[in-house]
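Residue numbers (this note's numbering), protein chains in the order written: chain U, 1 to 194; chain R, 195 to 290.
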């Protein structure tokens with residue numbers, strides 16, 4: 001019998017688009033996991049995060065950086081946040097990102113793998129804010145939305161999580177099923193300002 | 195219309211879903227002797243004020259929180275925005 005080996009595909013096949021002053025690229029080497037805080041479990045979770053990652057859970061709208069795997073914690077709501085991290089160690093865990101997080105923080109929270117539900121892109125460059133501000137309802141001016149800020153919103157009717165990773169560098173997460181439409185929105189806006 | 199979210203700051207109303215009168219939080223006691231009458235009121239009899247109104251909004255395209263928004267239905271002026279869970283918890287503490 002034929003030996004079938006199934007291999008997962010990236011939502012955008014790892015595409016990247018370049019315009020003068022704007023780069024749009026798919027993030028291909030990160031996992032995404034949601035962490036929900038149990039009722040009355042915030043203190044225990046903070047202690048677990050502190051010992052594993054040297055950080056506490058992020059406030060709503062803010063990101064914190066973990067001390068390993070280039071982890072970024074995205075504060076999305078009062079009782080839930082996402083963690084984005086390098087998936088280099090995944091093979092040791094049978095490809096399960098949630099198992100990796102459970103190893104780090106034990107059972108202090110409800111942990112669910114989100115990696116395959118989202119397309120992750122990075123938009124950067126001198127002109128990227130000009131392109132983004134045409135489709136993003138959040139005020140992206142550095143005075144209002146600077147490095148370490150995160151917001152969940154809609155862009156072109158598609159749910160979006162936007163993170164300011166560095167000046168003129170944004171991470172955008174959107175549902176995988178509409179990844180190509182999302183890229184089209186970004187691409188169109190980039191063309192319009194480039 | 196802009197709703198000034200207590201945690202997130204000003205957000206476009208397009209990110210929210212409207213539910214209705216904030217009185218929906220006051221669910222009747224199902225064991226009361228006149229429970230049927232109370233649930234009839236709760237379910238069907240709504241005030242439709244021209245003026246100040248407290249209403250429930252859900253931040254679906256955001257942090258998924260429920261808000262109680264005090265809005266004037268004539269001018270659309272929003273005078274107060276609170277997290278519904280804070281309001282519900284405060285009431286629970288007050289009434290035990």
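Built from N, CA and C at the ideal position, the CB exists for glycine as well. Quick caveat: nothing in here was measured; it's all calculated off a predicted structure.
### Query
List, in order along the chain, the chain A residues whose C-beta lies closer than 9 angstroms to that of residue 57(U)?
Checking the listed chains, one finds no chain A in this structure; the protein chains it contains are U and R.
### Query
Given a limit of 9 angstroms on CB to CB distance, which residues of the region 198-230 of chain R reach chain U?
201, 202, 203, 204, 205, 206, 208, 209
### Task
Would you check if the region 209-220 of chain R and the region 68-81 of chain U touch, i.e. whether three or more CB-CB distances between them fall below 8 angstroms?
no
### Task
Could you tell me if residue 270(R) is buried or exposed, where buried requires 16 or more neighbouring beta carbons within 10 angstroms of its beta carbon?
exposed
### Neighbour list for residue 257(R) in chain U, Cβ cutoff strictly below 8 angstroms
60, 76, 77, 78, 152
### Query
DSSP puts residue 260(R) in a beta bridge; with which residues?
252(R)
### Query
How do the region 119-138 of chain U and the region 16-35 of chain U stand: do at least 3 beta-carbon pairs fall below 8 angstroms, yes or no?
yes
#### Entry: Delimiting residues of the beta strand (DSSP E) encompassing residue 35(U)
30-36
### Task
Please compile the residues from chain R whose C-beta is within a distance smaller than 8 angstroms of the C-beta of residue 137(U).
205, 206, 208, 209
### Message
Using 7 angstroms as the threshold, is the C-beta distance between residue 110(U) and residue 59(U) below it?
### Response
no
### Message
Please report the straight-line C-alpha distance between residue 150(U) and residue 136(U), rounded to a whole angstrom.
### Response
13 angstroms
### Message
So, with DSSP's three-state summary, where would you put residue 147(U)?
### Response
coil
#### Entry: C-beta neighbour in chain R for residue 159(U), strict 7 angstroms
yes
### Task
Can you have a look at residue 245(R) and say buried or exposed, based on whether 16 or more other CB atoms are within 10 angstroms of its CB?
exposed
### Message
the ligand ADP and residue 147(U): does the residue's C-beta get closer than 6 angstroms to at least one heavy atom of that ligand?
### Response
Of ligands this structure carries none, so the ligand ADP is not represented either.
### Task
Compare the C-alpha of residue 266(R) against each of 256(R), 230(R), 275(R) and name the closest.
275(R)
### Which of helix, strand or coil DSSP assigns to residue 158(U)
strand
### Own chain partners of residue 103(U) with C-beta closer than 8 angstroms, once the 5 adjacent residues on each side are dropped
93
### Query
Are three or more beta carbon pairs between the region 129-146 of chain U and the region 164-172 of chain U nearer than 8 angstroms?
yes
### Query
Under the three-state reduction of DSSP, which class applies to residue 15(U): helix, strand or coil?
coil
### Rounded separation between residue 281(R) and residue 90(U) - CA only
43 angstroms
#### Entry: Residue environment, residue 285(R), which counts as buried when at least 16 other CB atoms sit within 10 Å
exposed
### Query
Between the region 177-184 of chain U and the region 7-27 of chain U, do three or more beta carbon pairs fall short of 8 angstroms?
yes
### Task
Measure the alpha-carbon distance for residue 153(U) versus residue 197(R) and round it to whole angstroms.
13 angstroms
### Query
To which residues of the same chain is residue 49(U) closer than 7 angstroms at the C-beta, ignoring the five residues directly before and after it?
55, 56, 57, 105
### Task
Just confirm the distance between the C-beta atoms of residue 125(U) and residue 22(U), as a whole number of angstroms; I'd bet it's less than 8 angstroms.
4 angstroms
### Message
Assuming residue 278(R) and residue 250(R) are in contact, meaning their beta carbons sit under 8 angstroms apart, how far apart are those beta carbons, in whole angstroms?
### Response
6 angstroms
### Message
For residue 199(U), which residues in the same chain have their Cβ closer than 7 angstroms to its Cβ, ignoring the five residues on either side in sequence?
### Response
Not covered by the structure: residue 199(U). The range shown for chain U is 1 to 194.
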